[in-house]
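Below is one structure, written out as structure tokens; the observations come after it.
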């Protein structure tokens with residue numbers, strides 16, 4: 003097969019697509035249907051605070067991103083989206099970028115939605131896909147500020163607090179941030195003791 007034939011057969015086919023679902027026009031059990039498709043998929047929180055350029059509220063809606071293991075045509079994907087009441091079929095150029103858009107993480111001027119409310123199907127891991135290095139450094143900075151406000155807090159107490167209240171911190175601590183935070187706690191304790199005994 004020539005390279006031109008290969009390009010022709012592959013044109014218009016990709017793995018990642020998105021659609022919008024309006025609750026009032028979707029099947030009542032569309033979330034169940036989405037889960038039964040067994041395709042990696044993210045469904046945003048209900049976007050019920052988005053504004054039009056004129057300042058009016060947009061119709062409440064969900065953003066849905068689907069990630070196939072192999073390439074699909076728009077026509078094939080439209081058949082899948084039809085099952086859940088999806089409106090439109092958009093090619094996703096960046097999985098991470100669109101995943102973050104589900105909660106407007108990089109759009110502070112837009113309504114913000116909780117990452118904890120994103121639904122994941124088909125084994126897709128939302129927190130893994132949205133993670134960026136800058137988020138790790140931001141989380142560590144927030145933890146250092148938090149420790150300044152709670153000067154007697156131990157690492158264990160911080161870890162338990164993060165697990166219950168700030169899962170983004172918990173992930174950073176579990177993955178790579180423990181050394182920095184432990185050193186900060188240890189150094190702070192040393193500085194306090196050192197200054198006390200040298201007064």
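Numbering (the working numbering), first residue to last: 3 to 201. Ideal Cβ positions, reconstructed from N, Cα and C, are used throughout, including at glycine. Only a predicted model underlies this, so the values are computations on that prediction, with no experimental measurement involved.
Cβ-Cβ separation, residue 86 to residue 35 (assumed contact under 8 Å), whole Å: Residue mapping note: residue 35 aligns to position 33 of the chain shown, counting from 1. Residue mapping note: residue 86 aligns to position 84 of the chain shown, counting from 1. Between residue 86 and residue 35 the Cβ distance is about 5 Å, and since that is below 8 Å, they are a contact.
Span of the alpha helix (DSSP H), counted from its first residue to its last, around residue 100: Position 98 of the chain shown, counting from 1, holds the residue named residue 100. Where residue 100 is concerned, the enclosing alpha helix (DSSP H) starts and stops at 97-103.
Contact check, residue 157 vs residue 187, beta carbons under 8 Å: Mapped onto the chain shown, residue 157 falls at position 155. Mapped onto the chain shown, residue 187 falls at position 185. The Cβ atoms of residue 157 and residue 187 sit closer than 8 Å to each other.
Simplified DSSP state of residue 28, which is helix, strand or coil: Taking the chain shown and counting its residues from 1, one reaches residue 28 at position 26. Coil.
Rounded separation between residue 71 and residue 143 - CA only: Locating residue 71 in the chain shown gives position 69, counting from the first residue. Locating residue 143 in the chain shown gives position 141, counting from the first residue. One C-alpha to the other measures close to 37 Å.
Three-state secondary structure (DSSP) of residue 142: Residue 142 sits at position 140 when you count from the first residue of the chain shown. Residue 142 falls in the helix class under three-state DSSP.
Of the listed residues 45, 39, 50, nearest to residue 112 (C-alpha basis): For the purposes of this step, residue 112 is taken as residue 110 along the chain shown, with counting starting at 1. Ranking 45, 39, 50 by Cα distance to residue 112 puts 50 first.
C-beta contact flag for residue 64 and residue 22 at 8 Å: For the purposes of this step, residue 64 is identified with residue 62 of the chain shown, where counting begins at 1. For the purposes of this step, residue 22 is identified with residue 20 of the chain shown, where counting begins at 1. Against a cut-off of 8 Å, the Cβ pair of residue 22 and residue 64 comes out as a contact.
Residue environment, residue 88, which counts as buried when at least 16 other CB atoms sit within 10 Å: The residue you call residue 88 lines up with position 86 of the chain shown. Residue 88 comes out buried.
N-terminal and C-terminal residue of the beta strand (DSSP E) that residue 43 is part of: Counting from one through the chain shown, the residue named residue 43 turns up at place 41. Note, residue 43: beta strand (DSSP E), 43-45.
Beta-carbon separation (whole angstroms), residue 100 vs residue 164, contact threshold 8 Å: In the chain shown, residue 100 corresponds to position 98, counting from 1. In the chain shown, residue 164 corresponds to position 162, counting from 1. The pair is not a contact, with the Cβ atoms about 27 Å apart (cut-off 8 Å).
Residue 235 (DSSP reduced to helix, strand or coil): Any property of residue 235 remains undetermined from this structure, which presents the chain solely from 3 to 201.
Of the residues 130, 181, 147, 182, the one placed nearest residue 169, counting alpha carbons only: As a working note, residue 169 is residue 167 in the chain shown. That would be 130, whose Cα lies nearest to the Cα of residue 169.
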